[in-house]
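Protein chains: 2
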Amino acid sequence: MNSKENNYLQDIKWDEQGLVTAIAQDISSKSVLMVAWMNREALELTVNEQRAIYWSRSRQKIWRKGEESGHVQKLHNIYLDCDGDVLLLEVEQIGGIACHTGRKSCFFRELKDGHWDTVTPVLKDPDQIYKNPKK
Amino acid sequence: MNSKENNYLQDIKWDEQGLVTAIAQDISSKSVLMVAWMNREALELTVNEQRAIYWSRSRQKIWRKGEESGHVQKLHNIYLDCDGDVLLLEVEQIGGIACHTGRKSCFFRELKDGHWDTVTPVLKDPDQIYKNPKK
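Protein chains in written order, with the numbering used here: chain W, 170 to 304; chain Z, 170 to 304.
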């Protein structure tokens with residue numbers, strides 16, 4: 170660390186892969202939209218660019234949320250939990266769709282009578298969101 | 170798996186330690202209260218007893234949230250995300266305090282000008298909550 174601005178990175182308890190869990194919450198509806206991961210670079214980019222930028226574990230690269238779909242998450246606030254190992258981002262979800270399935274939130278399955286029921290609708294077909302649909 | 174009731178456990182992507190991330194959200198205020206972990210037993214207990222029961226990674230045992238503090242989380246709904254690796258619990262937070270520091274939420278530090286500012290007050294001194302305060 171060589172700048173005062175980066176001190177906040179030191180207070181985070183990065184895991185053995187250098188990652189921290191990040192929750193995105195809609196600042197208006199307060200819905201929990203999704204959970205992803207950040208490394209130091211992703212968090213710094215998020216702070217600097219004021220939009221959610223994650224680390225994709227599957228693709229092993231920086232993931233600028235909305236880069237393909239346009240469903241950018243504009244950053245409002247970031248909180249750190251008492252253990253220092255989870256971040257909570259309050260965001261404005263552009264397009265009202267956070268999930269790659271075309272739903273507003275990734276938490277669209279609810280436990281009912283011993284199984285997961287899909288309880289929220291697809292707002293936009295993923296074929297129309299992505300050039301290469303992630304089904 | 171030997172009962173229909175346990176089918177929902179199979180849809181979860183348990184990590185290599187047999188755990189899944191669990192977010193607790195207040196069903197009234199919609200505040201994100203805390204993040205913890207569950208193993209299969211913890212989730213089954215949660216569903217059966219209709220209160221949040223986690224797996225404590227530090228103590229390596231079942232953690233009945235509120236067992237010492239009285240700050241039980243009454244379960245209302247459970248959601249699973251699209252990847253199947255994060256649970257979202259909507260709960261009623263008894264006592265209005267989820268954090269071991271005596272605050273309503275564990276996310277009480279906000280990033281401001283490059284450092285984490287404590288932005289929510291202690292509602293009850295941990296010395297008064299716990300017999301053996303966890304500072």
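In this text, a Cβ means the ideal position worked out from N, Cα and C, and glycines have one as well. Being a predicted model, the structure only gives us computed values, none of them experimental.
Where residue i meets chain W, residues with beta-carbon distance less than 7 Å
i: Y177 of chain Z; result: L280, G283, H284 and W285
i: V189 of chain Z; result: Under the 7 Å cutoff, chain W gives no residues; its nearest Cβ is about 11 Å from V189 of chain Z.
Proximal residues of chain Z, C-beta to C-beta of residue i below 7 Å
i: Q126 of chain W; result: As displayed, chain W neither begins before 170 nor continues past 304, which places residue 126 of chain W out of reach and without an answer.
i: V260 of chain W; result: Within 7 Å Cβ-Cβ: nothing; V260 of chain W doesn't reach chain Z, min ~13 Å.
Under 9 Å from the C-beta of residue i: neighbouring residues of chain W
i: V291 of chain Z; result: What V291 of chain Z touches in chain W: nothing, since even the nearest Cβ is about 11 Å away.
Whole-angstrom distance between residue j and residue i, CA atom to CA atom
i: W183 of chain W; j: E210 of chain Z; result: 27 Å
i: V216 of chain W; j: D254 of chain Z; result: 26 Å
i: D252 of chain Z; j: K273 of chain Z; result: 29 Å
i: L214 of chain W; j: E259 of chain Z; result: 31 Å
i: L188 of chain Z; j: M203 of chain Z; result: 16 Å
i: L279 of chain W; j: Q229 of chain Z; result: It is Glu, not Leu, that sits at residue 279 of chain W in the sequence shown. Distance between the alpha carbons of E279 of chain W and Q229 of chain Z is about 28 Å.
i: T287 of chain Z; j: F277 of chain Z; result: 6 Å
i: H284 of chain Z; j: Q219 of chain W; result: 16 Å
i: I181 of chain W; j: N175 of chain W; result: 11 Å
i: A193 of chain Z; j: V201 of chain Z; result: 6 Å
i: E186 of chain Z; j: A205 of chain Z; result: Looking at the sequence itself, residue 186 of chain Z is Gln, so the reference to Glu does not match. Straight-line Cα distance between these residues: approximately 14 Å.
i: I196 of chain W; j: I247 of chain W; result: 11 Å
i: C275 of chain Z; j: D250 of chain Z; result: 22 Å
i: I222 of chain W; j: R233 of chain Z; result: 35 Å
i: Y177 of chain W; j: D282 of chain Z; result: 9 Å
i: N208 of chain Z; j: Q179 of chain Z; result: 12 Å
i: K304 of chain W; j: H269 of chain W; result: At K304 of chain W the pLDDT is 48, less than 50, meaning the model places this residue with poor confidence and gives no usable figure here.
i: P290 of chain W; j: I266 of chain W; result: 11 Å
i: S198 of chain W; j: H245 of chain W; result: 14 Å
i: F297 of chain W; j: E237 of chain W; result: The sequence given here places Gln at residue 297 of chain W; Phe does not occur at that position. Cα to Cα, Q297 of chain W sits roughly 11 Å from E237 of chain W.
i: L212 of chain W; j: A191 of chain Z; result: 22 Å
i: R226 of chain Z; j: L292 of chain W; result: 38 Å
i: G235 of chain W; j: L256 of chain W; result: 19 Å
i: G271 of chain Z; j: G264 of chain Z; result: 10 Å
i: I231 of chain W; j: D294 of chain W; result: 25 Å
i: K300 of chain W; j: W224 of chain W; result: 21 Å
Beta-carbon neighbours of residue i, restricted to chain Z and to distances below 9 Å
i: D180 of chain W; result: R278, H284 and W285
Beta bridge counterpart(s) of residue i as assigned by DSSP
i: W183 of chain Z; result: None; W183 of chain Z has no bridge partner.
i: N246 of chain W; result: W:E259
i: D286 of chain W; result: W:E279
i: T190 of chain Z; result: Z:W206 and Z:V255
i: D195 of chain Z; result: Z:V260
i: K230 of chain Z; result: Z:S225
i: V201 of chain Z; result: Z:Q194
i: R220 of chain W; result: W:K243
Q: With 9 Å as the limit, tell me which residues of the region 242-257 of chain Z have their beta carbon closer than that to any beta carbon of chain W; keep them in chain order.
A: N246, I247, Y248, L249, D250, C251, D252, G253, D254, V255, L256 and L257
Q. In chain order, what residues of the region 221-240 of chain W put their CB closer than 7 Å to some CB of chain Z?
A. none
Q. Does the region 233-252 of chain W come close enough to the region 260-267 of chain W to have 3 or more Cβ pairs within less than 8 Å?
A. The region 233-252 of chain W vs the region 260-267 of chain W: in contact.
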